[in-house]
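If you read the sequences in order, they're chains B, R and S. Under full-length UniProt numbering, the first residue of the first sequence is numbered 1, with each subsequent residue one higher. Under full-length UniProt numbering, the first residue of the second sequence is numbered 1, with each subsequent residue one higher. Under full-length UniProt numbering, the first residue of the third sequence is numbered 1, with each subsequent residue one higher. Report on the structure given below.
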Amino acid sequence: MSTDFIETLRRRMPTGSIPFSKALLGTYILVALAAPIIAPQNPYDLLQIRGWEASAAPGTMGGDGYIYWLGTDGLGRDIVSTILYGLRISLLVSIVSTAIAAVVGVTAGVVAAYFGGWVDALVMRIVDLQLSLPTILVALIAIVTLGPGIDRIILAIIIVQWATYGRVTRAVALSEIGKSYLDAVRLLRLPKKRILLRHVMPNSIAPALTLIPIELGHAIALEATLSFLGLGVPIDKPSLGSTVAAGFQYLMTGQYWISLFPGLALLGLIAAINFVGEDTRSKLDPRSRSL
Amino acid sequence: MIKDITQKPLLELKKLTISYRSRSQTRPVLRNVDLSLHRGEILGLIGESGAGKSTVGNAIIGLLAPEFVQTSGSILFEGRALEGMDEQERDALRSRRIAAIFQDHTMSLDPLMSIGAQLTEAIRAACPDLSGKQTRGRAIELLTRVGIESPSERYHSYPHQLSGGQRQRVVIAIALSGTPDIIVADEPTSALDATIQKQILQLLRELVAETGVSIILVTHDMGVISEIADTVVVMRDGNVVEHGSTATLLDHPVEPYTRDLLAAVPRLRISSGKRTDPTFAVVNNASADDEEPAKRAAILVVSGVTKAFGRTSFGWSRKPRKPALQDISLELKPGAITGIVGESGSGKSTIGRIIAGLETACEGEIVIDGTRVDVASRRQPGGMLGRVQMIFQDPAMSLNPRLPIGDTLAESVRFGSAPSTDARLAISVIMDRLGLPMTFLTRYPHQLSGGQKQRVCIARALLAKPRIIVADEPTSALDVSVQAEIVELLGQAVSQEGISMLFISHDLALVQALCSSIYIFQNGSVVDGGSPEFIFGRSTNAYTRCLIDARPERFTI
Amino acid sequence: MLSIFTRRVSQALLLLLVMSLIGFVGIHSVGNPVFNVVNIETATVEDIRNATIALGLDQPLWRQYFLFMGNVVTGDFGTSYVYHLPAFKLLLSKLPATLELAVIAMALAAPGGVLLGLWAGRHQGGAADRAILRGSVLALSIPSFWLSMMLILGGALLTGWFPSGGRGATLSFAGQDWSVLTLDGLRHVFLPALALALPNVALIARLARAGTIEVERQDFIRFCRAKGLSSKRILFRHTLPNISIPLVTIIGMQFGGMLAFAVVVETIFAWPGIGKLLIDSIQFLDRPVVMATLTFISVAFIALNAVVDLLYAVLDPRVRLST
């Protein structure tokens, strides 16, 4: 890995579609934060929703002169507002779960690598077990066990994702521990905590950091998929995924906008994160312009 | 070998300039390089890291990375400029008449293809007219020629089943398959042990005599040059410093840089007697004012240490397998430097790590300064008493890349075995003694050169106030000129700080210059031991003799 | 070689144990399956008690689990609460649909991905390479359920080229019904297969590209050039075999992944495979079927991993010839 991770971060130069995806991502985050101010409607407030204007096509003018630019869904909620509020849920769930998963995974990886023996064997057995299964399957098992709800979804995503950080970090930490500077530190008989926090961790963390954007994208997609399958966030506070899912039954009857626009918003968000993540990765480690 | 100087050169470089181009900058890596190579000549291209010698080799083979651009000058093959040819012609010429041997024999062969198949495809590319049977016959012939035993069996082997020396022989066989005019050999023996290196160099010499092929030998090792090159080109920072016939250049170097380079090469003395080598004279002052080290009780006694193959648990192997150690016994006197010499895989590093407490052994006893150490315990209640510090081979990996030098050194003081009231004072004293400016304290390891990093490592070890320092090949990753400085510092450290040192090395000359007693390791056992006078003068041990004979004669006095 | 296999077997057993335990407990904690069998409104206490006993739900949890495990070993996962069929038999009847979907999807994804990846890797930094890289990021960003819905919208509802769901006409072969044997069936399988294939094309292409670049950078490829081999020969005899090792792994793993992601695609395309069966059963709290399906997918996964290991050994002499 690069020795001067911060240096590289500073030096990277904007190229091609990267500023665009960064700008897009920034816009998403701003819009999500400002949703209660800029959204024409509060989709959680039943009093603001007009059931009689359900499934209105994009551009339809509502009763009070408000134009539904992207139409309304089957319950009469304004699609623009649903997207804005759904974005908040999607981002909240994915950011929280990715952050916790990264901390758990990195800690587990470093501890497993440093202590070796049965600790390592135990952690890696669990990691192996999980990573040998497709994420969606692990998520399904977790959510079926945990039950529905936003906190459960977050927990399920953490369970799915920590293993990836764990394996990557352990591999790097093992190779760092093989280097002689850690032998030198061991000879100085520094306290274990100090060795882990000051020597092993800072040198093993970079690959995990580059994983974060990718995993964030996965988390958003996973939350959306679970919500789509009816196992995710409750329908009264829809995320982007459950909004798309709610539109599925209307798709067949031609009311495409209910699932099309939230889906596009979702795709744009995940793509922006992935492009930014890919850029970070290749800047940090020019050798791994892969996956 | 006598060459016909009037003969036209086979290959000429004329004012060759090559630049490295990146997005932000263009920087020349070779400047106006001139050289000429005649038929049947072995041309040595020598320089320290960054001299541009490999770039010359790659330019000739035509395998420069795309960032390297030939900005001026030309490469002439039989009088014709390579730049003037069309691409097809140039490729054909390069593949038929110029062959290459790379340094890393582990990477030069496709791991998924048998060596026979790799050899025959090279023969087919060079001589498409041969029948299948003829091709195979030629392959066996080549394998025999490069000294592969039972070639028809080895034909079906995969690269990972061969030893390093055998792999490099196969690489040479492949290079020979097209009967080339020139072989560009980039550090062909640097990854090999001295005894194997000697054999490979001999093979190259024979091939030149038999086939009249010319060789461009890129190396950092003056010993290799002295053994086999007819002419030498000394390079530094992309420039040719000096060139001439090997004998003249080695005996009467004109340029100061060449002189320094030659002076820095450690010389082995096989005539017994007092050590008066001026390069390392300082070392001999060690404990001269004290009583003779031999009469004092040993500070380190190792007896009967045995280690089996690397431990695995649940099928997870934690470390690559290390060779077994069998019944190792040795001792180290206070204030002395004891050498451990062996080739790769001899277990010399393993015993050093066991003494430091970084690895465990199955049985045996280690007594450090009167305290018995449990060699088998993973928890190392005694092994890490803080009385042993190490200096490692690769300075690039010996310092935490994310800590400033000052923090690294401060850790040594704070957590070392001797408490220090004033850490900064201790650090500044040591830094001064090792010739490190105080401004380094805020620098990061990557901002330092290899030699500077190794000095910091020495400082770190000394600051912890150890009784013993284990130095594991501390100079083998460094350029030869830096190597001399580091060795001198180590010698000084022992005499001034009142410590003892175990010096592990593959280099006989270094060990001879530095150590007052020497152990020879082979395959995990001590096969010979004694004073340098005994080892290099009177020892009759076959392996010791073999190691001494593998040294280049030019640097043996 | 043997040790790799023992490891796989032990992993399989451990996995099975954990999976069945989690699945069993999980399903049990969600709701009372008795109410799937009896009508909540009309059932008497007696009815509920009888149903509970009939389903074995009166036993303590651990005993239910051990009974269940014992039955699993003999291939008996119990009877579906919903379909009133042996769960495993039900699963097997749905398997051909999922298998043919996954096989066709992989037949689309693997060659397409490998070719794109090789092309991009050999022309690293060029316009085609950048386009393929960007396209792959985009393809991997599309949530598979939305992709499926948009394929229905574009390929079926707006144009009418393909049917929007179902299996279409099937033909019986080897005791099972197969859609791929009829033209109508093929039309039905196309859209769901495409939905499954697209992210995998991207993934395989990226891996093939990275592998190509990695391998071509190595010394032995330089050495092959130096010894005068044609670039075609280097590509097919040296680069391709060397990148095939990671590719085989990813293709094997992704084939398993398709069995799992079929959960989403099958649900949308109303494709009656095991994925749809799993989701339906989770929603109906049909525990025997959920258990049978989860167990089956796990076993299929471990088996796939073992096959990949074997292929690995065949491809790599360093593994094959080490003892």
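Beta carbons: idealized from backbone N, C-alpha and C, even for Gly.
Practice task
Could you please give the first and the last residue of the uninterrupted beta strand (DSSP E) stretch that includes glycine 304 of chain R?
Solution key: 300–307
Exercise for the section: Pull up the distance between the alpha-carbon of alanine 550 of chain R and that of cysteine 362 of chain R, whole angstroms please. Expected result: 34 Å
Problem - Cβ of aspartate 422 of chain R within 9 Å of any chain B Cβ - result: no
Practice task
Classify methionine 397 of chain R as buried or exposed, calling it buried when 16 or more other Cβ atoms lie within 10 Å of its own Cβ.
Solution key: buried
Handout entry: is_contact[tyrosine 158 of chain R, chain S] using C-beta, thresh 9 Å
Key = yes
Practice task
Closer than 7 Å by C-beta to threonine 323 of chain S: which residues in its own chain qualify, once you throw out the five before and the five after it? Chain order, please.
Solution key: Confidence in threonine 323 of chain S is poor, its pLDDT being 43 and thus under 50, which makes the residue's placement unreliable; the coordinate value appears in the next sentence. Closer than 7 Å at Cβ, skipping near neighbours: no residue.
Problem - tyrosine 312 of chain S (DSSP reduced to helix, strand or coil) - result: helix
Handout entry: Counterpart residues of proline 40 of chain B in DSSP-defined beta bridges
Key = The partner list for proline 40 of chain B (beta bridge, DSSP) is empty, contrary to what the question assumes.
Handout entry: leucine 112 of chain R and tyrosine 155 of chain R closer than 9 Å at C-beta
Key = no
Handout entry: Residues in the segment 279–302 of chain S having any Cβ partner in chain B nearer than 9 Å
Key = Ile279, Ile282, Gln283, Val290, Leu294, Ile297, Ser298, Phe301 and Ile302
Handout entry: Same chain, Cβ closer than 8 Å to arginine 455 of chain R, five either side skipped, listed in chain order
Key = Leu434, Gly435, Leu436, Ile486 and Leu489
Exercise for the section: Mind listing, in chain order, the continuous alpha helix (DSSP H) runs of no fewer than 4 residues lying wholly within the segment 396–441 of chain R? Expected result: 405–415 and 423–433
Handout entry: Terminal residues of the alpha helix (DSSP H) in which asparagine 203 of chain B lies
Key = 201–204
Problem - Within-9 Å CB hit, leucine 188 of chain B to chain R - result: yes
Exercise for the section: Consider the Cβ of alanine 246 of chain B: report whether some Cβ of chain S lies at a distance smaller than 9 Å. Expected result: no
Exercise for the section: May I ask you to report which of helix, strand or coil DSSP gives phenylalanine 236 of chain S? Expected result: helix
Handout entry: arginine 88 of chain B versus alanine 163 of chain B - alpha carbon distance
Key = 26 Å
Problem - Contact belief for tyrosine 68 of chain B with alanine 56 of chain B at Cβ below 8 Å, rounded distance in angstroms - result: 5 Å
Practice task
Just grab the DSSP bridge partners of histidine 243 of chain R for me.
Solution key: R/Val233
Handout entry: Neighbour-count burial assignment, valine 283 of chain R, 16 or more Cβ in a 10 Å radius
Key = Residue placement at valine 283 of chain R is poorly supported in this model, since its pLDDT is 42, which falls under 50; the coordinates are not used for a value here.
Exercise for the section: State the Cα-Cα distance for the pair alanine 122 of chain R and phenylalanine 223 of chain S, rounded to the nearest angstrom. Expected result: 10 Å
Handout entry: phenylalanine 503 of chain R, DSSP secondary structure in three states
Key = strand
Handout entry: Buried versus exposed call for lysine 192 of chain B [16 or more other C-beta atoms within 10 Å across all chains shown]
Key = exposed
Problem - Where alanine 324 of chain R falls: helix, strand or coil (DSSP) - result: coil
Handout entry: Simplified DSSP assignment, three categories, for glycine 185 of chain S
Key = helix
Handout entry: chain B contact for methionine 106 of chain S (CB, 9 Å cutoff)
Key = no
Problem - Straight-line Cα distance separating proline 202 of chain B from threonine 3 of chain B - result: In this prediction, threonine 3 of chain B has a pLDDT of 42, which is less than 50 and means its spatial position is unreliable; what the coordinates show is noted afterwards. Whole-angstrom Cα-Cα distance: 11 Å.
Exercise for the section: Please confirm if asparagine 400 of chain R has its CB atom under 9 Å from at least one CB of chain B. Expected result: yes
Problem - Alpha-carbon to alpha-carbon, glycine 228 of chain S and glycine 135 of chain R - result: One detail in the question is off: residue 135 of chain R reads as threonine in this sequence, not glycine. If you take the alpha carbons of threonine 135 of chain R and glycine 228 of chain S, they lie about 16 Å apart.
Handout entry: Closer than 9 Å to chain S by CB, glutamate 278 of chain B
Key = yes
Handout entry: Per-residue DSSP class, three states only, for aspartate 110 of chain R
Key = coil
Handout entry: Touching by the beta-carbon criterion (3+ pairs, under 8 Å), the segment 495–515 of chain R and the segment 250–258 of chain R
Key = no
Practice task
Please report the residue range of the beta strand (DSSP E) in which methionine 85 of chain R lies.
Solution key: No beta strand (DSSP E) holds methionine 85 of chain R; DSSP gives it neither H nor E.
Problem - Proximal residues of chain C, C-beta to C-beta of glycine 345 of chain R below 8 Å - result: Of the protein chains in the structure, B, R and S, none is chain C.
Exercise for the section: Take every Cβ of the segment 211–223 of chain B, pair it with every Cβ of the segment 152–161 of chain B, and state whether three or more of those distances are shorter than 8 Å. Expected result: yes
Handout entry: Extent of the continuous alpha helix (DSSP H) to which isoleucine 150 of chain B belongs
Key = 150–177
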